[in-house]
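Participant: Could you have a look at this structure, given as structure tokens, before my questions?
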Amino acid sequence: MNESATDWRAHFLGVGARGFNAPASPAWVLEQGGAPLLLVDCGPDIPEAYQAAYGCLPAALFLTHAHYDHIGGLEALAFHLRFADPPAPPCRLFVPAPLVPVLQRRVADYPGTLAEGGANFWDVFHLIPVSAGFWHRERAFRVFPARHHLPDSAFGLSLPGVFWYSSDTRPIPEQAIAHAGHGEVLMHDCRVEGNPSHSGAADLAREYSPEQRARMWLYHYQDADAAPELEALGFRVARPRVPIMLRTDEDAASILQTPVIPGA
Ligand SMILES: [Zn+2]
Ligand SMILES: [Zn+2]
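Reading the sequence shown from the start, the letters are residues 110 to 373 in our numbering.
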């Protein structure tokens, strides 16, 4: 398929698996026409991996939840933004509202953001708390709860008609039905064996339809050796720096033109 200026891709900087020459934390970039539109999650080493890929700092970031492998690069990103030369504009930071106090405690409250003073952690971000969804670059994204530890602590993301991203989660087929019923590419947490935090291959086989699994790519498997194991079970598997083609604007046109989230 030839790529056009409007084609959407998912570019994983890390897939949440050890053993690749890439960050072990899962984070990916929504690209349109090869240009980065939104970074999803910011674990350790992700700011550096992002700069290596695009030669700039992220202009927009969505956080799914506050585990270290998803926010551990936030402080480094704040420093990169503060000392960028030439100065960088604030990064639009979309955060599900229940996570704002968690981030305040885990990252922003640390006393003395700068030793010399005169700085607040949030100065370099344009913090946008979100509930059911948000607008970014004229697109209406949707946010929905995942099943990953306590209720209201982890959230998935979708752009109707284009993609649906589970975030770290046990199976949530009801959220795929609600937010990915139009051929969207699904990206799902999965390892070979599931556990109380994460999905396993047998969980996905049981909980999702064959049609949904045919649209699915897996991430957050335990290590690089698990990738061929999951492929042998019939799944497609995301790898770092190997772009995943999402639905095109043409595919998605009828969905994108539909207002989906009042006021969000
Ligand atoms: Zn997690
Ligand atoms: Zn994780």
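For each residue, glycine too, the CB sits at the ideal point set by N, CA and C.
Inspect the CB distances between the stretch 281-292 and the stretch 265-272 and report whether three or more fall short of 8 Å.
Facilitator: Segments in contact, yes.
Participant: Is HIS297 near ligand 1, judged by its Cβ being under 7 Å from some heavy atom?
Facilitator: Here residue 297 corresponds to residue number 188 of the sequence shown, with the count starting at 1. Flag unset: Cβ of HIS297 not near ligand 1.
Participant: Under 7 Å, CB to any heavy atom of ligand 1. Which residues pass, going along the chain?
Facilitator: Spelled out in chain order, the answer is HIS174, HIS176, ASP178, HIS179, HIS257, ALA263, ASP277 and SER306.
Participant: Name the DSSP beta bridge partners of ALA263, please?
Facilitator: Position 154 of the sequence shown, counted from the first residue, corresponds to residue 263. The partner list for ALA263 (beta bridge, DSSP) reads HIS174.
Participant: Using the C-alpha atoms, what's the distance from ALA119 back to ASN111?
Facilitator: As a first step, residue 111 must be located in the sequence shown, where it is residue number 2. As a first step, residue 119 must be located in the sequence shown, where it is residue number 10. In this prediction, ASN111 scores a pLDDT of 49, lower than 50, which makes its location untrustworthy; the coordinate-derived value is nonetheless stated afterwards. Looking at the two C-alpha atoms, the distance is approximately 16 Å.
Participant: Nearer than 7 Å: is that true of the beta carbon of HIS63 relative to any heavy atom of ligand 2?
Facilitator: Residue 63 is absent from the model: the chain starts at 110 and stops at 373.
Participant: Given that a residue counts as buried once 16 or more other Cβ atoms are within 10 Å of its Cβ, and exposed if not, what is ARG127?
Facilitator: For this step, residue 127 is matched to residue 18 along the sequence shown. ARG127 comes out exposed.
Participant: Short of 6 Å in beta carbon distance, which residues of its chain neighbour PHE188, apart from the five on each side in sequence? Order them along the chain.
Facilitator: In the sequence shown, counting from the first residue as 1, residue 188 sits at position 79. Excluding sequence neighbours, PHE188 sits near nothing in its chain.
Participant: Does ligand 2 have a heavy atom nearer than 7 Å to the CB of HIS329?
Facilitator: Numbered from its first residue, the sequence shown carries residue 329 at position 220. HIS329: yes, Cβ under 7 Å from ligand 2.
Participant: For my contact list, ARG248 and VAL294 are in at a C-beta cut-off of 8 Å; report their separation, rounded to the angstrom.
Facilitator: Position 139 of the sequence shown, counted from the first residue, corresponds to residue 248. Position 185 of the sequence shown, counted from the first residue, corresponds to residue 294. Going by Cβ atoms, the distance from ARG248 to VAL294 rounds to 15 Å, so no, they are not a contact pair.
Participant: Can you find the residues in the same chain that come closer than 7 Å, C-beta to C-beta, to VAL271, ignoring five residues on each side of it along the sequence?
Facilitator: What you label residue 271 is simply residue 162 of the sequence shown in a count that begins at 1. Correct list, in chain order: TRP117, GLU293, LEU355, ARG356 and ALA361.
Participant: I'd like to know whether the C-beta atoms of SER276 and HIS174 end up nearer to each other than 8 Å.
Facilitator: Taking the first residue of the sequence shown as position 1, residue 276 is located at position 167. Taking the first residue of the sequence shown as position 1, residue 174 is located at position 65. Their beta carbons are under 8 Å apart, which means SER276 touches HIS174 by this criterion.
Participant: Determine the closest residue to VAL216 out of HIS179, GLU157 and VAL149, with distance taken between C-alpha atoms.
Facilitator: Here residue 216 is taken as the residue at index 107 of the sequence shown, counted from 1. It is HIS179.
Participant: Could you tell me the distance, in whole angstroms, from the CA atom of PHE192 to the CA atom of GLU316?
Facilitator: Against the sequence shown, residue 192 aligns to sequence position 83. Against the sequence shown, residue 316 aligns to sequence position 207. Taking the straight line joining both Cα atoms gives about 47 Å.
Participant: Which residue spans inside the stretch 306-334 form an unbroken alpha helix (DSSP H) run of at least 4?
Facilitator: You should have 310-316 and 319-323.
Participant: Using only CA atoms, which one of ALA255, PRO305, GLY152 and ALA336 lies nearest to PHE129?
Facilitator: Position 20 of the sequence shown, counted from the first residue, corresponds to residue 129. Minimum Cα distance to PHE129 is reached at ALA336.
Participant: Which residues does DSSP list as the beta-bridge partners of GLN141?
Facilitator: Looking up residue 141 in the sequence shown gives position 32. Its beta-bridge partners are TRP117 and ALA144.
Participant: Going by the DSSP bridge assignment, what does VAL204 pair with across the sheet?
Facilitator: Taking the sequence shown and counting its residues from 1, one reaches residue 204 at position 95. According to DSSP, VAL204 bridges with PRO238.
Participant: By DSSP's criteria, TRP273 is part of a beta bridge. Which residues make up the other side?
Facilitator: Against the sequence shown, residue 273 aligns to sequence position 164. Note: TRP273 sits in a beta bridge opposite SER267 and LEU295.
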